[in-house]
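Quick note on the working numbering: the sequence shown kicks off at 1319 and runs consecutively.
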Amino acid sequence: MRMFNFIRQGFNVKGTMAFAMASALLTLSHSCWADECRMNNGKGGTTTLINSDYSGGTVRLPPPGNYASTLFNVNLTPGIQAECGMGDDGFNLVSQTNPTLLMGSSYGRAMFETNIPGIYYSVRVHTAESDGGMGGYFAMNTTGWTTVASSGKSDPWDRKWINTSVQIYID
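In structure tokens, the structure reads:
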């Protein structure tokens, strides 16, 4: 609860994102193959999203009744690497969103609240590649796992570093 109070005290993507990541676990899902991919060697745990530089232009508040959004990458510390090998959970990226964090949706993506009214964000977990990599956004599901990125083979994941992107929505 102290973490939530900290989030309310100042707009801090690092604290907010660390809370969201710790609360909504992403893993690689069930498939009929005898292989699976795991993040961080399947040990679980938490990681922190570090405030990143934003090189885009100034994001201005939209006129009433309209909205604006911007997307930027946020690095993880410590880094997470996906590894594939023996197992039965397959190669699909799945997510489950903590219902206490879900504040709305946009295009099927879970939107999370910041401490500034009218500003929300969604999080995409993906491989760290120049083309944006394989991955998906946290979905709106709160009671079970849902596939957010599908793959029938390990190539998109195996030995790839994982990164995140944050989309900020200003309403």
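Just so you know, even glycine gets a beta-carbon here, dropped at the ideal spot from N, CA and C.
Query                                                                                                                                           : Result
Helix, strand or coil: how does DSSP classify Q1414 here?                                                                                       : coil
Distance check for N1459 and T1418, CA to CA, integer angstroms please.                                                                         : 12 Å
Under a three-way DSSP split, which group does S1387 fall into?                                                                                 : strand
Please report how far the alpha carbon of N1384 lies from the alpha carbon of S1424, in whole angstroms.                                        : 14 Å
By how many angstroms is the C-alpha of P1435 removed from the C-alpha of C1350?                                                                : With a pLDDT of 40 at C1350, under the threshold of 50, the predicted position of this residue should be treated as unreliable, though the coordinate-derived value follows. Approximately 45 Å between the Cα atoms of the pair.
Terminal residues of the continuous beta strand (DSSP E) containing S1483?                                                                      : W1479 to I1488
Let's test the definition: count the other Cβ atoms within 10 Å of the Cβ of S1448 and tell me whether it reaches 16, buried, or not, exposed.  : exposed
Check this for me: beta carbons of W1475 and M1452, under 8 Å apart or not?                                                                     : yes
What is the C-beta distance between S1483 and F1409, in whole angstroms, given that I count them as a contact (C-beta under 8 Å)?               : 21 Å between Cβ atoms; not a contact.
Where G1487 and S1387 are concerned, what is the direct C-alpha to C-alpha distance, given to the nearest angstrom?                             : Reading the sequence as shown, one finds Tyr at residue 1487 and not Gly. For Y1487 and S1387, the distance between alpha carbons rounds to 4 Å.
Go ahead and pull the three-state DSSP assignment for E1447.                                                                                    : coil
Excluding five sequence neighbours on each side, which residues of the same chain lie with their C-beta closer than 8 Å to the C-beta of M1421? : M1429, F1430, E1431 and Y1438
Near R1477, what residues of its chain come up, given a Cβ to Cβ distance below 6 Å and the 5 sequence neighbours on each side ignored?         : none
Please report the distance separating the alpha-carbon of L1411 from that of T1376.                                                             : 33 Å
Between the Cα of N1391 and those of N1416, T1445 and D1473, spot the shortest distance and give me the residue it belongs to.                  : T1445
Taking the alpha-carbon positions, what's the A1400 to N1433 distance?                                                                          : 32 Å
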